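Chemist:
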Amino acid sequence: MGDEHDKLLPIANVSRIMKQILPPTAKISKEAKETIQQCASEFISFVTGEASDKCQKENRKTVNGDDICWALGTLGFDDYSQAIVRYLHKHREYERERASAAAAASSAEFASNQTSSHTKRS
Numbered sequence: 138m139g140d141e142h143d144k145l146l147p148i149a150n151v152s153r154i155m156k157q158i159l160p161p162t163a164k165i166s167k168e169a170k171e172t173i174q175q176c177a178s179e180f181i182s183f184v185t186g187e188a189s190d191k192c193q194k195e196n197r198k199t200v201n202g203d204d205i206c207w208a209l210g211t212l213g214f215d216d217y218s219q220a221i222v223r224y225l226h227k228h229r230e231y232e233r234e235r236a237s238a239a240a241a242a243s244s245a246e247f248a249s250n251q252t253s254s255h256t257k258r259s
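Residue 138 is where the sequence shown starts when you use our numbering, and the numbers rise one by one after that.
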């Protein structure tokens, strides 16, 4: 039974997500949490397996976000696919902006250090 539980999402994460949707006074039974845990884990495996098959056919080892979006569409989850595509684009945009900001900060720090070292030599 250990193998099966290794493939499940952590129950605390599942519970936290479920609680975000429900009114604050609502309670969730252990059975409900475990059922959602099983379903969500199975869904992730199903979609990832489809994406992985695509990657194997294309001789690629890395499953990426585009592969997951493709798998969702292929499996008939078009509504999810479109939402995930939008999320993926926003995520990539955010990562590019973060990388640019980090590069700019690094350049500024380098320039500041260069100025400091020139001042110290004088």
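Cβ atoms here follow ideal geometry from the backbone N, Cα and C, with glycine treated the same way.
Treat the numbers as computed from the prediction; the structure is a model and nothing was measured.
When we look at the beta-carbon of L159 and count the other beta-carbons within 10 Å, is it buried (16 or more) or exposed?
Modeler: exposed
Chemist: Count Cβ pairs between the segment 169 to 179 and the segment 193 to 205 that sit closer than 8 angstroms; are there 3 or more?
Modeler: no
Chemist: Would you mind sorting A169 into buried or exposed? The rule is 16 or more other CB atoms within 10 Å of its CB.
Modeler: Answer is exposed; the Cβ neighbour count stays below 16.
Chemist: Helix, strand or coil: which one does DSSP assign to L212?
Modeler: coil
Chemist: Hey, how far is the Cα of A245 from the Cα of R233?
Modeler: 18 angstroms
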